[in-house]
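First the structure, in the form of structure tokens, and then the observations on it.
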Amino acid sequence: MATIIYPSPIFGPVHSRRLGISLGINLQPADGKVCTFDCIYCECGFNADHIPTLRRPSREEVSEALESRLKQMKAEGETPDVLTFAGNGEPTGHPQFEEIIEDTVRLRDSYFPNARISVLSNSTFIHREQVRRALMKVDNNILKLDTVDPEYIAMTDRPTSRNYDVRKIIEEMKLFEGHIIIQTMFMKGRDDNGNDVDNTGDKYVEPWLEAVKEICPMEVMIYTIDRETPEHGLQKAGKEEMEAIRRRVEELGIECTASY
């Protein structure tokens with residue numbers, strides 16, 4: 000099983016299908032994965048297969064490493080399009096997340112003021128006021144909403160908390176008052192238990208569209224599988240299916256990009 004465990008706290012830059020030249024910021028340990036989801040399609044593999052032995056980087060370690068890399072990029076004439084919080088798990092779970100965002104904004108403004116700051120999050124900590132405050136300070140507040148169907152979420156995203164409630168997540172997303180980008184994975188195939196994971200049909204797309212309309216984000220990013228997944232029966236959604244979903248989002252008056 001090919002999985003990716005990212006260095007910490009800084010990795011890349013890498014070329015992102017959705018964001019361009021992206022300098023990664025990983026707030027999880029460098030030797031494992033810490034996430035509140037255990038997605039069957041995660042490029043980092045399953046949580047249980049990558050239990051870390053190292054600790055998370057501190058606020059000071061993140062700031063020092065980020066400034067050092069930005070200085071190096073400046074000296075070498077390399078310009079990032081975006082500074083992206085991603086990596087081995089859920090970034091907003093870091094206890095110093097808000098302070099780290101403040102440091103990142105300051106460093107971005109100093110070295111590459113035209114670069115955008117993005118956070119890729121599964122939305123599980125947006126009930127925390129300090130997390131919401133921090134996400135309002137970034138350019139791209141990218142929050143996951145793969146579906147609104149609880150059974151599908153339990154099968155594919157596999158939240159680690161029994162208290163996960165997608166309806167509450169939607170209500171919390173609305174608190175951003177449009178300062179939010181919805182990110183959704185569409186795929187086909189079957190999981191290792193033989194369950195159909197195709198979420199490209201009306202059964203899943205129509206209620207998802209209703210939720211998107213309710214949240215009223217500034218943008219929607221839909222994407223499909225790009226790298227090897229820990230469960231091997233999963234398949235990419237087709238171009239025609241992705242484009243049809245993209246058009247349906249745009250019919251709501253919301254910008255939408257599709258990566259496939």
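Taken in order, the sequence shown gives residues 0 to 259; the numbers are from numbering that gives the first Met the number 0.
Backbone N, C-alpha and C fix where the C-beta goes; we use that ideal spot for every residue, glycine too.
With burial defined as no fewer than 16 other Cβ atoms inside 10 Å of the residue's Cβ, what is the status of residue i: buried or exposed?
{"i": "Arg246", "result": "exposed"}
{"i": "Tyr5", "result": "buried"}
{"i": "His49", "result": "buried"}
{"i": "Gln182", "result": "buried"}
{"i": "Glu240", "result": "buried"}
{"i": "Asn87", "result": "buried"}
{"i": "Met0", "result": "For Met0, the pLDDT reaches just 48, beneath the cut-off of 50, and the residue's location in the model is therefore unreliable, although a value from the coordinates is still provided. Exposed, since its Cβ has fewer than 16 Cβ neighbours within 10 Å."}
{"i": "Pro90", "result": "buried"}
{"i": "Ala29", "result": "buried"}
{"i": "Lys32", "result": "buried"}
In the structure shown, what three-state DSSP assignment does residue i receive?
{"i": "Met0", "result": "Because Met0 carries a pLDDT of 48, less than 50, the predicted location of this residue cannot be relied on, and the following value inherits that uncertainty. Of the three classes helix, strand and coil, the one that applies to Met0 here is coil, per DSSP."}
{"i": "Tyr203", "result": "helix"}
{"i": "Ala257", "result": "strand"}
{"i": "Met217", "result": "coil"}
{"i": "Gly50", "result": "The residue asked about is misnamed: residue 50 is Ile in this sequence, not Gly. It is coil, neither helix nor strand."}
{"i": "Asp191", "result": "coil"}
{"i": "Arg132", "result": "helix"}
{"i": "Gln182", "result": "strand"}
{"i": "Ser15", "result": "strand"}
{"i": "Arg107", "result": "helix"}
{"i": "Arg247", "result": "helix"}
{"i": "Arg115", "result": "strand"}
{"i": "Phe45", "result": "coil"}
Return the bridge partner residues of residue i from the DSSP annotation.
{"i": "Ile24", "result": "Ile9, Phe84"}
{"i": "Val33", "result": "Gly88"}
{"i": "Ser120", "result": "Leu142"}
{"i": "Leu233", "result": "Gly188"}
{"i": "Tyr222", "result": "Met184, Ser258"}
Requested in this report: Would you check if there are 3 or more beta carbon pairs closer than 8 angstroms linking the region 94 to 111 to the region 33 to 46?
Outcome: Under the three-pair Cβ rule at 8 angstroms, the region 94 to 111 does not count as touching the region 33 to 46.
Query - Minimum length 4: unbroken alpha helix (DSSP H) runs contained in the region 136 to 165 - result: 149 to 155
Query raised in the report: Would you call the region 26 to 41 and the region 180 to 199 touching, i.e. three or more CB-CB distances under 8 angstroms?
Result: Enough Cβ pairs lie closer than 8 angstroms, so yes.
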